[in-house]
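Worksheet: the structure to be examined is printed underneath.
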Amino acid sequence: MSSEELIEACLKGETTAQRLLFEMYSPKLYAVCMRYANNEDEAKDILQDGFIKIYNKLNLYNGEGSFEGWMRRVVVNTALDAIRKNKKLQSQVDLDDVSYSLTTNETVLDQLAANDLLEILQTLPLGYKTVFNLYVIEGYSHKEIAEELNITVSTSKSQFSRAKGILRKIIEKQKIGYES
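First residue of the sequence shown? That's 248 in the working numbering, and the numbers climb one at a time after it.
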């Protein structure tokens, strides 16, 4: 069954098509959820809510761009909604003690395996993790992040800066990406 046929069947409310859509895309979308959630249960809740939104808004997909990319955006927005709903984004930092001159070793981050990075990201405070994911992985600008999370651009930049600093310390401590 092609993507177009699957979408049409889902739009008609065919439960077998909805189940097939879930089975095809849930592993990738679950990985997205895990980047924003604090634990597996929360990620599963976000995934379930995301698929409900996907099914309910499927008629809004106009065929432009990849269907998987459209679903991913719905799931990311669902994760952000969960964060907002739970009001857990309280780890905003005092801008007076932020240093923007942190140096990074980008090649070390480039060498990390996806699972290593996911595990390390889970240790970050929620605000840092959310901003880092949106900026680095999803490709949002700091302005877009500020609008999505109802924070200032400066706060987005400072949380990203702090996230990089924490990640660097963890990577250096664990010697991840370094040759023996």
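Every residue, glycine too, gets a C-beta built ideally from N, C-alpha and C.
| Item | Value |
| --- | --- |
| CA-to-CA distance, ALA256 to THR325, given in whole angstroms | 24 Å |
| For ASP399, the three-state DSSP class (helix, strand or coil) | For the sequence presented, residue 399 should be read as Thr rather than Asp. In the structure shown, THR399 sits in coil (DSSP, three-state: anything other than H, G, I, E or B). |
| Under the three-state DSSP convention, the category LYS259 falls into | coil |
| Euclidean distance between Cα positions of GLY297 and ILE418 | 32 Å |
| DSSP-derived helix/strand/coil call for GLY310 | coil |
| DSSP-derived helix/strand/coil call for GLY316 | helix |
| Own chain residues within Cβ distance below 6 Å of LYS259, not counting five before or after | none |
| Same chain, Cβ closer than 8 Å to LEU371, five either side skipped, listed in chain order | PHE379, ALA410, ILE413 and LEU414 |
| GLU270, buried or exposed, once every other Cβ within 10 Å from all chains shown has been counted against 16 | exposed |
| Cα-Cα separation between LYS376 and LEU276, rounded to whole angstroms | 17 Å |
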